[in-house]
Amino acid sequence: MNIVFLSANKFGYEVIKEVIAMDKKAISAVITLNDSAKTIMYDKIDSKKWDELGIKIYRIENINDEIELLNEINPDLIMMCGWRQIINEDLLKIPKEGVIGFHPTLLPIGRGPAPIINSILNNFTESGLTMFYVSGGLDDGDIIDQEKFIIEDSDHASEVYEKVIMAGKSLIKNNFEKILLKNLLRTKQDENKVTVFEKPSLANNEINLNDSIEKIYSQIKALSKPYKGAYVKKDGKKLIIWRAELQK
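Here the numbering used here = 1-based position in the sequence shown + 88.
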């Protein structure tokens, strides 16, 4: 199996390390973002860490400009782990076994952008990570497997993110042999259960002190690290609030 990983963040880095521990030779290359890339990655991995993996690393600006490179590598499978750029139809056709992605909700619930932020803002008590085949639509491809986890009331974005990483490592470990044998299960998503997240506005980072204490609490938790943080503003200055505790 000739696998190419697309990754630019800690989640992908940890998943790739899990694969290396199982079968390093299965990874033909990792494609990551260079310093010129405009794609925002709040948890971008230091460039030197990729080199420490001991596998071929390509640093690019936009994956959709790299058709020639991918045709040259000729991967059997592309895996997107911590990759925010949407890949076009031409790229989807290159790997013989398709493109696999990960989405940090239990699809078809929570399709769309900012899944960790939106899960906390919407007061989810349970979420998870979905491993699925990437299609031309919005997170609508066939589901391969899912890993559930609990979101505690005290969990901030960083805690949920760590749960996503652990779920990713578990999913790749549980399904890697099936990937090599080309016998992954795939289940159609139930379109009757679809919900779609909206992209949070940058204005949502500013706390409105007229909101309920519960809404402010959720906002602080959702926007804490690795994101930019919720803030209050006075006299032209911002006070970023990274952690909060709701006392009842």
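C-beta: ideal position from N, C-alpha, C; glycine also.
Separation of the CB atoms of Gly200 and Leu226 is rounded to 6 Å, and the pair is thereby assigned contact status at 8 Å. Ile133 sits close to Tyr101, with the two beta carbons spaced by under 8 Å. With a cutoff of 8 Å on beta-carbon distance, Leu259 and Glu235 are scored as near each other. Counted as a single uninterrupted DSSP element, the alpha helix (DSSP H) harbouring Met254 occupies residues Ala245 to Leu269. Between the C-alpha atoms of Ser135 and Glu156 there is a straight-line separation of about 23 Å. Going by C-alpha positions, Lys181 is about 17 Å away from Asp228. Remark: C-beta atoms of Leu327 and Ala114 do not approach each other more closely than 8 Å.
The Cβ atoms of Ala117 and Ile161 lie closer than 8 Å to each other. In the three-state scheme derived from DSSP, where H, G and I count as helix and E and B as strand, Ser215 is classed as strand. Following the DSSP letters along the chain, one finds Gln277 in no alpha helix (DSSP H), marked with neither H nor E. Residue pairing from DSSP places Ala318 in a beta bridge opposite Ile329. Taking 8 Å as the cut-off, the Cβ atoms of Ile231 and Glu214 do not count as close.
DSSP places Ile232 in the strand class (E or B) of the three-state scheme. Within the same chain, and ignoring the five residues on either side of Val187 in sequence, the residues whose Cβ sits closer than 6 Å to its Cβ are Ile166, Leu180 and Val222.
Here Ala245 is buried: its Cβ has 16 or more other Cβ atoms, across all protein chains shown, within 10 Å. Under the 10 Å beta carbon count, Lys325 is surrounded by fewer than 16 other beta carbons and is classified as exposed. Judged by DSSP in its simplified three-state form, Asn206 adopts helix. By the beta-carbon neighbour count (other beta carbons within 10 angstroms, threshold 16), Ser242 is exposed. About 18 Å separates the Cβ atoms of Ala310 and Leu194, ruling out a contact at the 8 Å cut-off.
Each of Lys266, Met219 and Ile204 was checked against the Cα of Gln277, and the nearest Cα belongs to Met219. If you compare the alpha carbons of Leu217, Ile143, Ala109 and Pro196 with that of Glu279, the shortest gap goes to Pro196.
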